[in-house]
Structure formats: C-alpha cells, structure tokens
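J.: Just passing along the structure, written as structure tokens.
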Amino acid sequence: MQNLFNISKYQPTLNRDKINHGLYRTCFRMVYLLVFASKNSISLRTPICNFDAMNGILCPQCESKLDQGTLTKADVDASIKLVKLSQKIPQIEKFTLNSCRGSHGNYVLYLNSPDIMTVRQSRELYRILQGEFDGKIWLVHQGSDDNKFIEDVFFPIKILGINKVWAPGGLQKTKVIVSGKKTPRFPIDVDKVVAIAHDLRKIELVVEFERK
C-alpha cells in the first residue's frame, strides 16, 4: 500500500506534461467547435485553418506547422487580413491565398489566376487590399515559373524581353527590358523588384529601359 501511495503522490513530471497537453488539446477542440459554430462559414481558402484566420489564433496543428517552417508569419498575417476583408467584400471571399512571403518589408501574395485578374480589374479593390498591409503588396500567380514571376512583379509595366546573360566571373543573370523610361514617376520601384526576385527566387536581375 505504501508503494502505491507514493506512486500516486509523486507522479513523474513527464506524465503531468502529457496530461496537461491532452487537456489543452481537448479544451481547444471544445472552444473550436463552440466558436466555429457561431461564425458564418467562408469559402476563402488560406494557408491556415479558417477558424484560425477568423479568430486571430492558431490551433495546435497550424502552430506546429509555423514552428516547423511549413507556414510563415507572413502566411498567418495575410490569412487573417484577407478573412477580415472577406467579411465586407464578396470578391475576396472567393479568393484562394496559397501562400504569402515577406521580403524586405514587402508582401508577395500567391493567388490563383482568376483572383489576380479580379484585383487587376479594380483599382478600388487593389487599394483596399493594399491598405491592410504595412508594406507594398505584389500579386503572383500560384505555380508560376521564373519568367511569369518576373512579369507579375513588374505589373502593370510591359516587359519587352527576358534573356539570360553571363556576367564576369561566370555568374548568370537575367536581363529584363521594360517599356518606358526611368523617371521619378515610374510606377514600379525597380530596386524592390530586384531585391524580391533575388530573395524569393535567387534570380539576379538586370533591368534595362526601352528609352534612355
């Protein structure tokens, strides 16, 4: 009896941690069901759970993905922002945010083609979407190759040519010729585009303008 008493009184810390973790997950599931049931369902798809995006918290599964690097902080932030907007703007409610990547204070949103077309056709919608982010947003087609990625980050500037060139030392770069002339009023920050291409795609860009 003495041995049984001691075991009951002095449970190993590991067992207590397992019990506490189990209670946490059980309580979270209960809260999940109660809160989710009180929310209107949405069709907007994001990298994190709809429940998480709607309530600004992460479930154990999404938190684990964030810790492992499968999700990024930009994924989480963008998901929450888009869900917030979707409650007021029907067009966004139909979007699919595949991922979001942060780069030098900018946000690159990977969307499906119809979603990008919707935003590009409405300056007001773009303005509202941009207003939710601290930095500049860039809309990129999901699954795009390097050339399509470059076209997306330069939009609405027309690209006249994309070619691979060799720089001294055997370094391969990508030369992009864009329409127009570089002036202080040029609508695209070329330096930011160059930084984003290098950061997210490891592309070394060389940008030339049609007119000097």
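When the sequence shown is numbered by this note's numbering, its final residue is 212 and no position is left out of the sequence of numbers.
By construction, the Cβ of each residue, glycine as well, lies at the ideal position given by its N, Cα and C atoms.
In this text, all values refer to a predicted model and were calculated from it rather than measured experimentally.
Assign L14 to buried or exposed, taking buried as 16 or more other Cβ atoms, counted over all protein chains shown, within 10 Å of its Cβ.
T.: Any reading at L14 needs caution, since the residue's pLDDT is 38, under 50, leaving its predicted position unreliable; the model's value is listed next. That one is exposed.
J.: I want to know whether the segment 163-177 touches the segment 124-137 - three or more CB-CB distances under 8 Å.
T.: As far as the Cβ criterion goes, the segment 163-177 does not touch the segment 124-137, which means the pair count is below three.
J.: Which class does T118 belong to by DSSP, given the choice of helix, strand or coil?
T.: helix
J.: Looking at I150 and the ligand SAM, is the gap between the Cβ and the nearest heavy atom below 8 Å?
T.: The ligand content of the structure shown is nil, which means the ligand SAM is not present either.
J.: Assuming G180 is part of the beta strand (DSSP E), what are its boundary residues?
T.: L171 to K181
J.: With respect to the beta strand (DSSP E) encompassing E93, which residues constitute its N-terminal and C-terminal limits?
T.: First-last for E93: P90 to E93, but that is the alpha helix (DSSP H), not the beta strand (DSSP E).
J.: Note down, in chain order, each residue of its chain lying with its Cβ closer than 8 Å to the Cβ of Q172, except the 5 sequence neighbours on either side.
T.: K164, V165, W166 and E204
J.: Just the Cα atoms here: how many angstroms apart are Q142 and K148?
T.: If I take the Cα positions, the gap works out to 10 Å.
J.: Can you check whether the CB of I137 is closer than 9 Å to the CB of L97?
T.: no
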